[in-house]
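Those letters in the sequence shown? Residues -18 to 290, by the working numbering.
Step one of this worksheet: look at the structure below.
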Amino acid sequence: MAADTGLDFETAKALTMAAADYLARRAGIRVLVIKGAAANFHGIRPARLSGDVDVLVEPLGYSVLCSALEAAGWYPRKVSSLEGVLVTHSTNFVHDSWPCDLDVHPSYPGLLAPEDEAFNALWDRREAMPVAGTSVHITDALGSVLVQALHSLRTLSESPRIVSEYEFLVSTVVPGLSPHDREEIVVLARRTGAVDTARPFFEASGIELPWGTLPSHDPLLDNWRERVESGGSRTSQVLQALRKMRWRDRPALLARALWPSRDDYRLDHPEASGNHGPMVWLRLVRLVRGVVDLPRAIRAMVLARMQAR
């Protein structure tokens, strides 16, 4: 649990961005602030307080930045064994004396170009954002729109807020783009490998695109389409992870998904009671939810490989 610093959360976030940027610059690493802070700065989503700070770091500098953060007292947040398998695109750092988390991304879901190419495409369009008496690099408006759209598409089932933010992008932000910006965001999508992953967003926004990639031609794209088609359900994520594993490793992962240990369940669900009865009940609810989601997850898996987008 982070200590009370006496700072309001928005100030703590600003200082977290400044600290991450400082550590990266000192190590000679390029880093971009993405998602919430950048989205708020550009006004591409209804204003709200983000829960943490997200940075995208150039791939070769990822381990260096993580080491620099650990030397400064930050450490990776403990996650369940299942979460550790399912989430590989970022590491969530916490500090015992600081109230704001920091998510460090060596890559971003939906950007399917090689990681260095995707980063460079966003970096080439970077802007400076004043924060905490200094400035940090952030994705520009179009880069932020693309990142926000991808984030929404892969997590639409998680909350009505995400649906609302996605609808705001489509109905309010995109109509305000100039014809030049509409062309430029497609160019950016090509450079980052997001033409097909962001296709539902572009089509909903009336932005013309080149022909799409057919199913079964790109495994990464098939996996993305499967996740979006499933609504981002945990069941679908588990099925994808199982297919990537050796047969002998699959039973252990399946067991952790179906009936997690007490410690793992508490990490995934901090609201869980320590009493045996409520814990069993919550596990059963999770198990039933997974079974209910299974038909949709299987349908998504089939459609992702059979149906052109």
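Every residue, glycine too, gets a C-beta built ideally from N, C-alpha and C.
Note that the coordinates shown come from a computational prediction; the quantities given were computed from them, not determined experimentally.
- Task: Quick one: residues in its chain with C-beta nearer than 7 Å to the C-beta of P276, no 5 flanking neighbours on either side, listed in chain order?
- Result: Here residue 276 corresponds to residue number 295 of the sequence shown, with the count starting at 1. There are no such residues.
- Message: Restricting to Cα atoms, I'd like to know which of K(-6), Y43, D(-11), D199 is closest to L83.
- Response: Against the sequence shown, residue 83 aligns to sequence position 102. Of the candidates K(-6), Y43, D(-11), D199, the one whose C-alpha sits nearest the C-alpha of L83 is K(-6).
- How many Å lie between S61 and A222 at the Cα? Position 80 of the sequence shown holds residue 61. Position 241 of the sequence shown holds residue 222. Taking the straight line joining both Cα atoms gives about 15 Å.
- Item | Start-to-end residues for the alpha helix (DSSP H) that takes in P141 | For the purposes of this step, residue 141 is taken as the residue at position 160 of the sequence shown. First-last of the alpha helix (DSSP H) with P141: 141 to 149.
- Let me know the beta strand (DSSP E) ranges lying completely inside the region 80 to 123, each 3 residues or longer, listed in chain order. Listed in chain order, they are 108 to 112, 115 to 119.
- Note down the Cα distance separating A289 from L150, rounded to an integer number of angstroms. Working through the sequence shown from its first residue, we reach residue 289 at position 308. Working through the sequence shown from its first residue, we reach residue 150 at position 169. Here A289 scores only 42 on pLDDT, less than 50, and its place in the model is too uncertain to base an answer on.
- Exposed or buried, which one is V273 when buried takes at least 16 other CB atoms within 10 Å? Indexing the sequence shown from 1 puts residue 273 at position 292. Per the 10 Å Cβ criterion, exposed.
- Task: Have a look at the DSSP bridge pairing and note the partners of P57.
- Result: Counted from its first residue, the sequence shown places residue 57 at position 76. For P57, which the question treats as bridged, DSSP gives the partners F74.
- Decide yes or no for the touch test of the region 118 to 137 against the region 84 to 94: beta carbon pairs closer than 8 Å, at least 3 of them. yes
- Message: Do I15 and L46 have their beta-carbon atoms positioned less than 8 Å apart in this structure?
- Response: To locate residue 46, count along the sequence shown from 1; it is residue 65. To locate residue 15, count along the sequence shown from 1; it is residue 34. Going by C-beta atoms, L46 is not nearer than 8 Å to I15.
- Residue from Y246, I279, A278, V283 with nearest C-alpha to L265: Sequence index remark: in the sequence shown, residue 265 carries index 284 (1-based). Nearest of Y246, I279, A278, V283 to L265, Cα basis: Y246.
- Query: Where M(-2) and V34 are concerned, what is the direct C-alpha to C-alpha distance, given to the nearest angstrom?
  - Reply: Numbered from 1 along the sequence shown, position 17 holds the residue referred to as residue -2. Numbered from 1 along the sequence shown, position 53 holds the residue referred to as residue 34. So the two alpha carbons sit approximately 7 Å from each other.
- Message: Between the alpha carbons of S138 and S211, how many angstroms are there, rounded?
- Response: By one-based count along the sequence shown, residue 138 stands at place 157. By one-based count along the sequence shown, residue 211 stands at place 230. Looking at the two C-alpha atoms, the distance is approximately 9 Å.
- Query: Going by alpha carbons, who is nearest to F186 out of V154, A233, F100?
  - Reply: Start at 1 with the first residue of the sequence shown, and residue 186 comes out as number 205. The residue asked about is misnamed: residue 186 is Ser in this sequence, not Phe. That would be V154, whose Cα lies nearest to the Cα of S186.
- Task: Determine the contact status of L202 and T173, defining contact as a CB-CB distance below 8 Å.
- Result: For the purposes of this step, residue 202 is taken as residue 221 along the sequence shown, with counting starting at 1. For the purposes of this step, residue 173 is taken as residue 192 along the sequence shown, with counting starting at 1. The beta carbons of L202 and T173 sit no closer together than 8 Å.
- Message: If I follow the unbroken alpha helix (DSSP H) through D162, where does it start and stop?
- Response: For the purposes of this step, residue 162 is identified with residue 181 of the sequence shown, where counting begins at 1. That run of the alpha helix (DSSP H) goes 160 to 173.
- Message: I believe L123 touches I166 by the beta-carbon criterion, under 8 Å. Please report the beta-carbon distance rounded to the nearest angstrom.
- Response: For the purposes of this step, residue 123 is identified with residue 142 of the sequence shown, where counting begins at 1. For the purposes of this step, residue 166 is identified with residue 185 of the sequence shown, where counting begins at 1. Rounded, the Cβ-Cβ distance is 5 Å, consistent with contact.
- Top-ranked residue by Cα proximity to A1, from L37, G17, D(-11), G271: Walking along the sequence shown from the start, residue 1 turns up at place 20. Here the closest residue by C-alpha is L37.
- Task: May I ask you to report which of helix, strand or coil DSSP gives I25?
- Result: Counted from its first residue, the sequence shown places residue 25 at position 44. I25 sits in coil when the DSSP states are folded into three classes, being neither helix nor strand.
- Query: Excluding sequence positions up to five away, which residues of its chain have a Cβ less than 6 Å from the Cβ of M282?
  - Reply: Residue mapping note: residue 282 aligns to position 301 of the sequence shown, counting from 1. Cβ within range, chain order: E207.
- Task: Kindly confirm or deny that the region 98 to 115 and the region 65 to 84 touch, where touching means at least three C-beta pairs closer than 8 Å.
- Result: no
- For L248, which option in S214, K59, F74 has the closest C-alpha, if you only look at C-alpha atoms? By one-based count along the sequence shown, residue 248 stands at place 267. Among S214, K59, F74, the Cα nearest to that of L248 is on K59.
- Message: With H, G and I counted as helix, E and B as strand and the rest as coil, what does DSSP make of D(-11)?
- Response: Position 8 of the sequence shown, counted from the first residue, corresponds to residue -11. Of the three classes helix, strand and coil, the one that applies to D(-11) here is coil, per DSSP.
- Message: Strictly by DSSP, which residues pair up with L13?
- Response: Within the sequence shown, the letter at position 32 stands for residue 13. Answer by DSSP bridge pairing, in chain order: L37.
- Query: Is M(-18) buried or exposed, if buried means 16 or more other CB atoms sit within 10 Å of its CB?
  - Reply: What you label residue -18 is simply residue 1 of the sequence shown in a count that begins at 1. The predicted model places M(-18) with a pLDDT of 42, which falls under 50 and marks its position as unreliable; any figure quoted below should be read in that light. By the 10 Å Cβ count, M(-18) comes out exposed.
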